[in-house]
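Working notes, structure below.
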Amino acid sequence: MTVPYEIHRGTSPVILAFPHTGTDVPPAIYDRLNDNGRILADTDWHIHELYDGLLSDATTVRATFHRYVIDANRDPQGVSLYPGQNTTGLVPETDFDGKAIWKDGQAPDEADIAARLRDFHAPYHAALAAEIERVRTMHGVAILYDCHSIRSHIPFLFEGKLPDFNIGTDMGRTCDGAIEQATLTVVEAADGYDSVLNGRFKGGWTTRHYGRPETGVHAIQMELAQSTHLQSEAPPFAYDTTKADRLRVHLKDILVRIEQIAPGLKR
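In my numbering, the protein residues as written are 1315 to 1581.
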């Protein structure tokens, strides 16, 4: 079995995580997906390409498997991130529109989920945790920036249009306020874009699990509306270079600013 993640080790105090850009689905699992599931619509399309080179010395950890195999940004115990709200689980049964993704009778059972935790979820997080510790040892502080995207209109999950920039810090719990404020300053000044702090998306399991400012590890999630960098939020989900280049200016500004903040966060 191939390693279910990719790592680029850098020297910056900033780590970029990509839990949802992977599209690898083992054949035995792919065969169980229905036609709707095989579209892989809920991928964070091209996000690793969008961030590529913005902070050249940043460490990156990317899951190569698709979230329909298992969701690397969900609690391994299956606890909901947003109790009482529509969401998808550790191994999704539906897509973001609430439509089934598995053939009849082929949805994963407890044994499947346990195997996928062992083979995909756990190795990815072991790799991410190791990089966080390496960076923290190097700098006395580590800043985890969790990179995400989602379609701007998904009635099953939220009403209306999602803002372009969605910052999640679990209501300020997962990072120093200076990181949150620096990010907010950039997105609020970004001409032609709208933004929200701790709106519908307050940070997934990755952000909430690793973000422990008192230990020197800070975490922040950025959920981008896919309308900011895709030609269309429908198949084939093509990358729009013109849109992306405009967006990358602001993303780079965010990453540079939080990198500059890092030395002042040492415990």
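Glycine residues also receive a C-beta, built at the ideal position from the N, C-alpha and C atoms.
Just to confirm, is the Cβ distance from residue i to residue j under 8 Å?
i	j	result
G1385	I1468	As written in the sequence, residue 1385 is Asp, which differs from the Gly given in the question. Not in contact: D1385 and I1468 (Cβ atoms no closer than 8 Å).
H1453	T1373	no
I1415	L1347	yes
A1492	I1575	yes
H1334	R1381	yes
Y1459	I1343	no
T1378	P1318	yes
L1431	D1478	no
V1531	A1441	no
L1561	L1368	no
M1536	C1489	no
W1359	S1509	no
R1514	F1472	yes
R1450	Q1540	no
Terminal residues of the continuous beta strand (DSSP E) containing residue i?
i	result
D1426	Element bounds for D1426: not the beta strand (DSSP E) but the alpha helix (DSSP H), E1424 to R1430.
I1282	A query on residue 1282 cannot be resolved here, the shown segment of the chain reaching from 1315 to 1581 and no further.
H1322	Y1319 to H1322
L1511	S1509 to L1511
I1384	Premise fails: I1384 is in no beta strand (DSSP E) and is neither H nor E.
I1481	F1479 to G1482
Sort out for me which residues DSSP pairs residue i with in a bridge.
i	result
W1416	L1347
Q1391	Q1391 pairs with nothing; no bridge assigned.
A1533	L1458
E1407	Answer is none; E1407 lacks a bridge partner.
A1356	Here residue 1356 is Asp; the residue named in the question, Ala, does not match the sequence. For D1356, which the question treats as bridged, DSSP gives no partner whatsoever.
Determine the direct distance from the alpha carbon of residue j to that of residue i, and round the result to whole angstroms.
i	j	result
L1498	I1481	8 Å
V1455	G1324	14 Å
A1558	L1544	8 Å
K1516	R1526	15 Å
P1549	I1353	8 Å
K1413	N1350	8 Å
K1580	R1448	15 Å
D1389	T1408	17 Å
T1337	A1355	10 Å
Q1420	T1529	43 Å
D1505	E1320	34 Å
Looking at the unbroken alpha helix (DSSP H) that takes in residue i, where does it start and where does it end?
i	result
A1443	A1436 to H1453
I1575	T1555 to I1575
T1374	Unbroken run through T1374 is the beta strand (DSSP E), T1373 to A1377; no alpha helix (DSSP H).
G1403	Here G1403 belongs to no alpha helix (DSSP H), and DSSP marks it neither H nor E.
L1498	G1491 to A1503
Assuming residue i and residue j make a contact with CB atoms under 8 Å, what is their CB distance in whole Å?
i	j	result
F1332	V1383	Not confirmed; about 15 Å, so no contact.
With a threshold of 8 Å between beta carbons, is residue i in contact with chain C?
i	result
F1470	In the structure shown, chain C cannot be found, because there is only a single protein chain.
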